[in-house]
Every structure is written in structure tokens, then in C-alpha cells.
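Colleague: Take this structure first; my questions come after.
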């Protein structure tokens, strides 16, 4: 029987707040690569499944061929999925060990759900790409890796799964390692780690496998627990989009005017010279508050309230940046686009573009190309269908203050909204100023 | 403070404050759905952090089934007096009196399902375009796929197939007239995260979360608070037990667990050792495996 939550809670002693951080990762694989099984195995072996969930699991009539529990059930959320036995959307799962808290975005591998993978990748620090040891690198592997590179994920783990089906062969592993290295090189993936696993049997997921003594690296969980992902720490680009202006307008707080937002990147310090964009007006920081307490400095990720020395007209949609490293301000932008709607891109209409707290009208000035995401070839096109990815040039009604996506993800990404349906129809990654 | 020193609780808090401010910035008439439970109490604390020293840019809305624990109601009223924000109450009894819903009868009767109608009426009356709720994705499988901004049609329904992709930290709150958005700022929190946060922030909770002596009866293998609304009869043996409640819902469907945990540290210890996940003590999910999904499609929180 299960040992309850030993791993999960063993350091959580009375009165001690965990001093650990958060790692968000997503998993990509083809239909039968065993993604859901891998996640189920991580949860199960790290003892993150509670007893009643386990009971529900055991009562379910979905079993593997050998009669063991089908762990994939743990992440299949919707009725339609249970009926079809496939994952059709992004499901978020949570677990923690004594080293980290994890958020998993489980995304489907079907080609028609490329958009979900883009979504999952946009919210992750790390990608796990599953490859079936029997099939090796296939078309879908290229597609998933392309999305990972497009979304600029810096950390990639290639899990070569179903090693039990190839007799835990080192040769099979090496062959896949070699052919994936070529893809990684082509896509300029920086940090790639290869782990041979069997999600079904549990090899190298949480515990090091006894079946593959030739593999000397870490188990998947060990790797996830120890990898360093705080890449924003050194960023000099201090950015804070204004979400809301706090003005109590009471007698005692008559002059209080605080600009509320979250620091996207970099740090702000008291007395820093800042520029308000897109207006370009400059001022200095007179007070920094977080949670109603004054601070000398704040770093990326923190929700803050900033006060300025001068009384300037600032509202939602403006962005405060440090004057020494200002972003690009432009109305014409070259961007990668992932189309996410069943209705194709219509170059004759105006879309809404949402970039942090700013929403402005925008039109598609030019379509440069789209990419065959299986072969990585650029192809000419005059429209984008659901799941198409390619390069366009947009023109916005109002100037945007942005960074290039490859340099600053959170200030370099935006969404397109169809004003007819209000649906989110496209993801944009800004690549160059086209003015 | 250095970025490496921030804990995951700081990260979760910053994200929740960010989402609350997005609601304030994007919507005309938002509201915060307040149940009296620990998750919505946590939301109130997060709203204080997001908007003080200003007022909340939204009222609190409580759907009162009439079968709430009296401790919850008195906690709610004390809290409102302390924070000085507006509270709007929707009464399930009103929906019953208006003939919009019919009260269930028999031993397992509950007003839990009826409150969906009262909620939708209260939203329509207040013309609320965004309702902030304390649901978490770790609670239940159907919730694992819910967006942070979840659009409901004019009938209050959730369509899992028409969910908008949510990229980076950009939330699309554009809606048509009659639609509204449910917003879940603590989607990424787990039950233990909420408890650790409550401890860190010294947040006050209704007394029923802590172990106390209470008259209980056993129904379907679960301990229920003895109360008139449970339609008790001679078969129901009333016993005095030391119990606490892990969630705060309607008395008809919120089961107690036996416990001596009367301090927050003890509760956290107990949860760590627990063999039952939180909603396991809520009878309304036991109806069928797909119960939650069905109720969400119908407009439940």
C-alpha cells in the first residue's frame, strides 16, 4: 500500500515556511508516447496522490494490459477525454517535494492541438519532450521541438520512453540521442538533457533504474528538483506595466497616487530614473510599496505599487521602465504568429492586440511566410489556418513599448483577439522593429 | 530581498495580486464571490494587498443557502465590519419563495444544487461582468483544466471546448453583453499552500475549521453536524464528538472529520498526514465521477 506523502512533507516541520521555489514545466509527446503515464508516474512515485484519489484510480476499470493501474487517468480531466481515451486540452497538475513545488502543464500531442502546446510552453520554464524508444525521433518530435524553440524555452529534457520495450538498450538510447542532437543544433536549443525512462515501469522517473546501469545521469525528478532556472535575475531591463492606479481620495490620503503592477523583469530601486512609455515622460521613483510596506527595491515577479516624484498623467496601458535601458517604441512590428482559431486569419479586418495591460487595434500589414513545422521549411502563404505558425508584420493603432521576445519574453509576447468573437485567436512573439 | 530568496508562497501571492488587479483594470462591474471558506477569506487578504490603501474595486457577494453554519455567518459579518467593504447577499430562500427552484425533500435533501439559480440571479441583478472565485485546480480533475479567466455564456454555462488559450500572463477579459467571466486568482495554489499562507499571514478563520466538541450524526458513512436542515429522524443517532471541518459549505453536504487539531500548526500537520483529499469530505462530488464537470457546465462556482 501507498506510504502517505512521506517525500512531500518530510521537511515541512512545524512553524517552518518552506524556503523553496516554483518550477513550471510542460510535457510534449505524440499520441502514444505515454505523456499522461509519465506524469501519473511522477505523482505516484513521489507520493503526491492522496488516498481517495488512489481509491478512485483503483476502482476505475481502465487497466494496463498486465492488470496494473493505468496512471494516465490521473491527468485526464474531461468526460469527452475519458470516453475517447485522449487528452484534449491543457491540464494543470501540482506536486511538491522537499526541494521544489512543481506545476505541470499536460498538453496534447495531436497536430490539431498545437495551440495548446504553445499555451503550455508560454507558461513554462522547462519542456519535457517524450520520444518513444521504439520509434525514435519522428515528425511530431520535430514539431514539438520547434514550438519549444519558438517560445524560447531554455531548458529541454528529452525523455526517451518505453525503454522496457527495447530491452533497456544503450545502443537504442544513443541512436536517438544522436539524431535528436541534430534537431537541437538546427533549432538552437541551448540546454538539452537526455534521460532514458520507462514511465510505465517507473525506471529513472523518481528512482534511478536498476535496469540501465550504463546510464549514469540523474533520474527525471532529481533533474527537475535541482536545475537552476532563475534566468531573469541579471536582467537590466526593469519593466512594470501599470495595471491599476490606486487613489483613495480620502481626506488623510488626499495626495496618494500609487501605480499598481507587477515587475515583469529587472529591478526598481528608490530614486531610480524612470520613463513612462509610450509618452516618454521621465521622472524618478519616490516610494516603493509591496503589501502596504515600504521597500528600497523590488525585483521581477513582485506585485508592487510605485510612486513617482512628479505628478504625471499615467493610467492602465502605460509601462514604467528604467531610463537607462528603454524598450523599443513602435507601431510596426515583425512577429512570429501562432494561429489559434478555427476561423482563418483575415487580413481585411482589424484585430485587437493585447500586450500586457495595453489593448490596441492592429492590422496585418504583411505575411512573410509560414513554417512547415514538421520539416521546418518556410513556405509562402496568404493566410493562416488553425495551428499555423509563421512570420508576419503588424501595424498597431497606438505605439507599443516592447522588447524582442528572444530578449524579454514577458515584454515581447502579445495576443490577438478577434473583435467579432472576443476569442484569443493568435499568439505573437515580437522579433524585430519594422518601422 | 533577492529573487533567489523568494519562496513559492511569494510567487503565488504575487500572481494572485496580479490577477486581481487585472480584474479591476479590465471589467466594469466585478464582484468577489465570498463563501466564508478559507479560500475566499484568503482572496480577501490578497485583495487588501492588491488595492489598499484604496477601497476594493468590487463588492463581496455571498450566496446564503440558509443552511450555513452559524459560525460562518457571524465570521462573515465581523469581517465585513473590519474591512469596511460592501457585501451583497443572495438568499436561496428567496429563489424558493419565488418558485424558481423546488426544495428537495427526504434525508439527503440539500440546497447545494439550488444555489446555482440564486447565484445566476444575483449576478444578473448586480450586472456583474466578472466574478472572482476561490476555486483551485488541485481540488478536482475537471478544475485542473479551468482557465484563470473562464468565460460563461448568458446562461452561466462553461464550455470546456471553447476555452480561450491563456498565454504568458495575458488574460483576455473581452466578453459580449450578457456573458460574464469567472476569475480564479488562486488557481495554482494547493490546499496546503493556502494553509501555509494563512499561517504566514495570521489570517483569521471561522471557528469550525478548528477542532471543537459538536453534536454529530452519521450519514452515508460521513459525520454531519446535527442540525434541523438535515431532516433528522429517530434513526439518526446524535453523538458528541471532537470534530473539525476541512471545507465550509452548506451544512447538508459538508462532512466533519474527527480531530483534535485546534491550532493552525496542528491542522497543517494533520493535512500533511491526511489520507483524504479535501473534496472527499464534500458529499456533493460523490454523486458521480463526472459530477463536478456537469455542475460547472450548469453555472456552479
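Chains as they are written, first to last, in the numbering used here: chain A, 38 to 472; chain B, -12 to 288.
Even glycine gets a Cβ: it sits at the ideal position worked out from N, Cα and C.
1. Where does residue 223(A) sit, in a helix, a strand or coil, going by DSSP?
2. Quick one: what does DSSP say residue 375(A) is sitting in, helix, strand or coil?
3. When the Cα atoms are used, what is the spatial distance from residue 229(B) to residue 255(B)?
4. Where does residue 31(B) sit, in a helix, a strand or coil, going by DSSP?
5. I'd like to know if residue 348(A) contacts chain B, where contact means its C-beta is closer than 7 Å to some C-beta of that chain.
6. When we look at the beta-carbon of residue 250(A) and count the other beta-carbons within 10 Å, is it buried (16 or more) or exposed?
7. Consider the Cβ of residue 190(B): report whether some Cβ of chain A lies at a distance smaller than 7 Å.
8. Put residue 309(A) into one of helix, strand or coil per three-state DSSP.
9. Comparing the C-beta of residue 125(B) with each C-beta of chain A, is any distance below 7 Å?
10. Does the beta-carbon distance from residue 170(B) to residue 110(B) come in below 7 Å?
11. First and last residue of the beta strand (DSSP E) that includes residue 242(A)?
12. How would you list, in chain order, the residues of chain B whose beta-carbon sits under 8 Å from the beta-carbon of residue 57(A)?
13. Pull up the distance between the alpha-carbon of residue 455(A) and that of residue 145(B), whole angstroms please.
14. If we ignore side chains and look at the alpha-carbon of each, how far apart do residue 350(A) and residue 279(A) end up?
15. Closer than 7 Å by C-beta to residue 219(B): which residues in its own chain qualify, once you throw out the five before and the five after it? Chain order, please.
16. Can you check which of these residues, 372(A), 365(A), 401(A) and 393(A), is closest to residue 382(A) by C-alpha distance?
17. In the DSSP assignment, what residue or residues form a beta bridge with residue 201(B)?
18. For the putative contact between residue 377(A) and residue 463(A), defined by C-beta atoms under 8 Å, what is the C-beta separation to the nearest angstrom?
19. Is the distance from the Cβ of residue 445(A) to the Cβ of residue 302(A) below 7 Å?
20. Using the rule of at least 16 other Cβ atoms within 10 Å of the residue's Cβ for burial, across every protein chain shown, is residue 364(A) buried or exposed?
21. Which of helix, strand or coil does DSSP assign to residue 391(A)?
22. Please work out which residues of its chain come closer than 7 Å, Cβ to Cβ, to residue 190(B), disregarding the five sequence neighbours upstream and downstream, and give them in chain order.
23. Based on the DSSP secondary-structure assignment, which residues constitute the bridge partners of residue 210(B)?
24. What is the DSSP secondary structure of residue 37(B), reduced to helix, strand or coil?
25. What is the residue span of the beta strand (DSSP E) that residue 358(A) lies within?
26. Beta carbon of residue 98(B): closer than 6 Å to some heavy atom of the ligand NAP?
27. If you measure from the beta carbon of residue 405(A) to each beta carbon in chain B, is any gap under 7 Å?
28. Are the CB atoms of residue 88(B) and residue 106(B) within a distance shorter than 7 Å?
29. At 4 residues or longer, and completely inside the segment 100 to 138 of chain B: list those alpha helix (DSSP H) runs for me, N to C.
30. For residue 319(A), which residues of its own chain have a beta-carbon under 8 Å away from its beta-carbon, when the five flanking residues on both sides are left out?
31. Would a check of beta-carbon distances place residue 251(A) closer than 7 Å to chain B?
32. Among the residues of its own chain, which have a CB less than 7 Å from the CB of residue 458(A), if the five just before and after it don't count?
33. Going by beta-carbon coordinates alone, are residue 340(A) and residue 276(A) separated by less than 7 Å?
34. Does residue 380(A) have its Cβ less than 7 Å from a Cβ in chain B?
35. Can you name, in chain order, every residue of its own chain whose Cβ lies under 7 Å from the Cβ of residue 296(A), other than the five neighbours on each side?
36. Is DSSP giving residue 42(B) helix, strand or coil here?
Modeller: Once the coordinates are examined:
1. helix
2. strand
3. 17 Å
4. helix
5. no
6. exposed
7. no
8. coil
9. yes
10. no
11. Counting along the chain, residue 242(A) falls outside any beta strand (DSSP E), and DSSP gives it neither H nor E.
12. -6 and -5
13. 20 Å
14. 12 Å
15. 204 and 213
16. 401(A)
17. 228(B)
18. 6 Å
19. yes
20. buried
21. strand
22. 28, 29 and 32
23. 205(B) and 243(B)
24. helix
25. 356 to 359
26. In terms of ligand content, the structure shown is empty, and the ligand NAP therefore cannot be addressed.
27. no
28. no
29. 102 to 113
30. 310, 311, 312, 313 and 360
31. no
32. none
33. no
34. no
35. 279, 282, 342, 343, 351 and 357
36. coil
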